[in-house]
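Before any comments, here is the structure.
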Amino acid sequence: MSEIASSLGDAPSIDSKSGSDAVRIAEVKAWLTSQFEAVGKEVPEFEYNSRSVAYLYNLATISQAKTQAANIVASDFRQKAAEYRSQAARMREILEASGLAQESLASNIVASAQALANVANLLNIRDTELSSFLIAMGDISLRKTSVEEKRAKVQKDSKILLEYTRKALSRLSYLKRTLAQLEDDVPPCEAQIENWKTNLAVMASKERQYTQQYANYKTALGRVGYTPEISHGVLVEMAEHRKELEKKTKPILETLRSYQDLPPDKALAALAIEDKKRQFAAAEKPKAAAIPPATSPTEVAVMPIPFTPIYIAKEMRLVGVFEFGREEDDVKVHRKIKAHPSPTINCVYMTFTKHPGRLLAC
770 MSEIASSLGD APSIDSKSGS DAVRIAEVKA WLTSQFEAVG KEVPEFEYNS
820 RSVAYLYNLA TISQAKTQAA NIVASDFRQK AAEYRSQAAR MREILEASGL
870 AQESLASNIV ASAQALANVA NLLNIRDTEL SSFLIAMGDI SLRKTSVEEK
920 RAKVQKDSKI LLEYTRKALS RLSYLKRTLA QLEDDVPPCE AQIENWKTNL
970 AVMASKERQY TQQYANYKTA LGRVGYTPEI SHGVLVEMAE HRKELEKKTK
1020 PILETLRSYQ DLPPDKALAA LAIEDKKRQF AAAEKPKAAA IPPATSPTEV
1070 AVMPIPFTPI YIAKEMRLVG VFEFGREEDD VKVHRKIKAH PSPTINCVYM
1120 TFTKHPGRLL AC
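The sequence shown begins at 770 in the working numbering and counts up one residue at a time.
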């Protein structure tokens, strides 16, 4: 059938090499008539065009070639059969002459001879000699070994293919599970992507804002004379130096605060006041001798003279310097002039707002 198909496929080339269409049609009609008459049927009517005639002509040519070959093979087989029949008749005559005819043999011998003949036919040998049987058996053994080798190879290949198939099925199931999981993860991922897009837009806006602020800060630093030498490391060193200074001054400040919290010593304050009185009296003696008094001894002249510093004894430290008629943080000065034995001494009462009590200062 493959040869017929290949010949049918080559119809145009045969068409170009054959004779005229009329000769081909006549040959095709003759061939169709012979074929249908052989089976006892009439030739059906159909249109004889160039394409159908070309295919039928090719088919007829192939059929005639096959028929001729089959006839040759059949005649050969008939000739061989005739030879085998004549040889069988001669051998039968020889056996009958020697008294070994089939009718004179026992049934078991006939059965064995028949089995031996069947084995010879099966082994495709022409005689029943031992050497022929041995050669045929050796050939069968070689064929068996070859078949076993091929079978082992096929089994090995089948095992490998089976293992590959199992792995492929396992990977297919894994991929299916992964695909299902990914399909389930698609909605959350899409929501997260949208969130990231929103955050990205916000971050882009912030980036532009920070870039503008950086440019503004850089311009401002340029205006104030910032140099790269004023770096973060330098500022850190200055901060550490400041911390060291604070650490050193902290004990001194604590000592000063402890001094401020001490109560005043009245005895030392009185001594300091008396000392200032003597110094002031010594300074006023020349003025009293040169300028006559303009007021009565019972009145005190109010003069805009600077008030001397007052030292209040708190462990002999200066509390404050007070001027006449001025209010400080802790002291309120009263403008009351009191009579004093010395007409040139200005005496005021100072009331401590934070430390109750009064002190007469002259």
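Ideal Cβ placement from N, Cα and C applies to all residues, glycine included.
In this structure, Val822 sits near Asp790, with a CB-CB distance shorter than 8 Å. Annotated three-state conformation of Lys798 is helix, per DSSP. Boundaries cannot be given for Asn893, as no alpha helix (DSSP H) includes it and DSSP labels it neither H nor E. No residue range can be given for Glu811, since it is assigned to no alpha helix (DSSP H) and is classified by DSSP as neither H nor E. For a cut-off of 8 Å, the C-beta gap from Tyr826 to Arg793 is around 5 Å, short enough to register as a contact. Taken through DSSP and simplified to helix, strand or coil, Ala875 comes out as coil. Annotation for Val797: Tyr817, Val822, Leu825, Tyr826 and Ala829 place their beta carbon closer than 8 Å to its own, counting only its chain and skipping 5 residues before and after. For Gly907, the uninterrupted alpha helix (DSSP H) run begins and ends at Leu899 to Arg992, by DSSP.
Look at Pro997 here: in three-state DSSP terms it is coil, with no helix or strand label. Between Leu892 and Ala884 a beta carbon distance of about 12 Å is seen, past the 8 Å cut, so the two are scored as non-contacting. Taking 8 Å as the cut-off, the beta carbon of Ile909 is found no closer than this to the beta carbon of Ser901.
For Leu864, the uninterrupted alpha helix (DSSP H) run begins and ends at Ser819 to Ala866, by DSSP.
Here Ala857 is not near Leu864, since their CB atoms are 8 Å or more apart.
For Lys928 and Ala843, the gap between their C-alpha atoms comes out near 47 Å. Here the alpha carbons of Ser876 and Arg859 stand approximately 23 Å from one another.
In the three-state DSSP reduction, Ala1039 falls in the helix class (H, G or I).
Around Leu801, the same chain offers Val812 as residues with beta carbons nearer than 6 Å, after the five sequence neighbours per side are excluded.
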